[in-house]
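Below: one structure, written as structure tokens.
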Amino acid sequence: YHCYCSPERLEAVRTEQQAQKSQYQGYDRHCRNLTAEERAEKENEGIKPVIRLKVPTEGKTSFTDILMGKITRKNSDVSPDPILLKSDGFPTYHLANVIDDHLMEITHIMRAQEWIPSGPLHILLYEAFGWEPPLYCHLPMVMGKDGQKLSKRHGSTAVAEFRKEGYLPEALLNYVSLVGWSYDGSREFFTKEELEELFSLEKINKAPGVFDYKKLEWFNGQYIRQKSDEELLELLMPYLEATGWDLSNKAVLLHLTAVAKDRLKVLKDIVVLARFLFEEPSWDDCSLFAAKGVDLSVASIALKRAYEILRSGLEAKKEQSVIEEELAALAGELGIKINGVFQPLRVAITGSTVSLPLFDSIELLGFDHTMNRIEDALKQVQKGIE
RNA sequence: GGUUCCUUCGUCUAACGGUUAGGACGGGAGAUUCUCAGUCUUCAAAUAGGGGUUCGAUUCCCCUAGGAACUACCA
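So that you can map any letter, position 238 of the first sequence is 241 in our numbering, and since no number is skipped, the others follow by simple counting.
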């Protein structure tokens, strides 16, 4: 039916209902039973009407949900006479949805549980048109950590964002399949093909699930580790290329990939791990050179001596294990822990106390470059002590 | 407020009405070790509360509590 109520009147009705804490909420069906004269009068005033659905005030409407079972709602509880056609002639969602699905010959509607309350309204619409309603399956929603509808403030929510962060499609798919569903309670790894085979609506949980970014990360790490070095490098390239670094040495990149593989949670992480290869450390904070419980002056000596051991060892092409032993011996001599020697080296070479394994870092960087860096670092430490 | 849906470790979940309530993530401890990771071992951690039905209830029923969604001329 045509409704001529102004937005202002609707708003007034709404605030009045709220103020009264009225049990009845929504449109008051003001225009539902206008006489022909009253309508003509409104038309003459030039008011463009909306078209509302005359929802029955008696009886109930129900439909069967594949997951939820029978859902029934009293017609008096269905949204009172919702707008179907707006005053500008455009349909609202409910009208468009029903017509579109019907014309598209949709047989099954699977949507989130937040749509359950609109179910009876849609059924009413199908009945009004004399159409056969489709089958419904309302799926549990996915919530954020706070138990509210997952939204932007919980982190990434769009597939494109997950991809940008460096989540593998197969990891995301695998993880998401396990929110609200399980196969047998113990098996967790599924390929897309296996999911096509094994996924079943019947085993979907009714309760909403919380999206666990930690577990997604874990899945992603698992899938990353399943890749060959070559495959992984290919996936990593876009992230590396975005930095503007010189990536011409494929052998180095492959070695980098192999060493970084265990350390990646998301592909994007490669940038942090690789930075030392392409940018010179600044060593702004000299205290980084000193391991816990080690004096900076001692660290300085350790670095100097370690540098000599490294240089002669590498020049003589000694085994890594031999050089390691020599470095360990140095630590013993200085009365500090092994890390007291490794940390200043690590900081000198990579600029950070956290890095890829030391000898891999050296090999990636190359002998000359490594030596130069340690020499520079030595100067920094001297300045730091003074 | 009203309507509807939901309720097993912190999180995702498993358990023909009969199990020491299982697995995974995360957390703790330990091993490996040059840091960080990774890997391995290991520990803690739950049936929301109250009534029924039953020889027996996580499982079936009722009540309470809690949570969520919806309640637009948005979708």
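C-beta atoms are modelled at their ideal positions from N, C-alpha and C, and glycine is treated no differently.
query, result
"Beta-carbon proximity check, Ser121 vs His157, cutoff 9 Å", "no"
"Chain-order list of residues whose beta-carbon lies under 7 Å from that of Gly387 (same chain, five-residue window excluded)", "Cys289 and Leu299"
"Those runs of the alpha helix (DSSP H) which lie wholly inside the stretch 200-248 and span at least 4 residues", "216-229 and 232-244"
"Given 8 Å, three or more beta-carbon pairs between the stretch 142-149 and the stretch 201-211", "yes"
"Outcome for Ala115 when other beta-carbon atoms lying within 10 angstroms are tallied against a minimum of 16", "exposed"
"Close beta carbons around Val350, own chain, < 8 Å, minus the five adjacent residues each side", "Pro284, Trp286, Leu291, Phe292, Thr356 and Ala380"
"Alpha carbon of Ile365 to alpha carbon of Gln225, nearest angstrom", "27 Å"
"Limits of the alpha helix (DSSP H) - the one that Ile304 falls within", "Leu299 to Glu318"
"C-alpha gap between Gly49 and Glu135, whole angstroms", "38 Å"
"Residue interval of the beta strand (DSSP E) (run including Ile54)", "Val53 to Arg55"
"Phe362, DSSP secondary structure in three states", "helix"
"Sheet register partners of Ile86 (DSSP bridge)", "Arg55"
"Inter-stretch contact (C-beta, 8 Å, three-pair minimum) for the stretch 60-67 and the stretch 77-85", "yes"
"Neighbourhood of Lys89 by C-beta, 8 Å cutoff - its chain only, sequence neighbours within 5 removed", "Val53 and Thr95"
"Leu367 beta carbon less than 9 Å from that of Val1", "The question about residue 1 has no answer, for the chain in this structure spans 4 to 389."
"Nearest-angstrom beta carbon gap, Lys148 and Val213 [assumed within contact, 8 Å]", "6 Å"
"Environment of Ala131 [buried if 16+ CB atoms lie within 10 Å]", "exposed"
"Nearest-angstrom beta carbon gap, Lys340 and Ala302 [assumed within contact, 8 Å]", "In fact, because the Cβ distance is near 12 Å, the residues do not count as touching under 8 Å."
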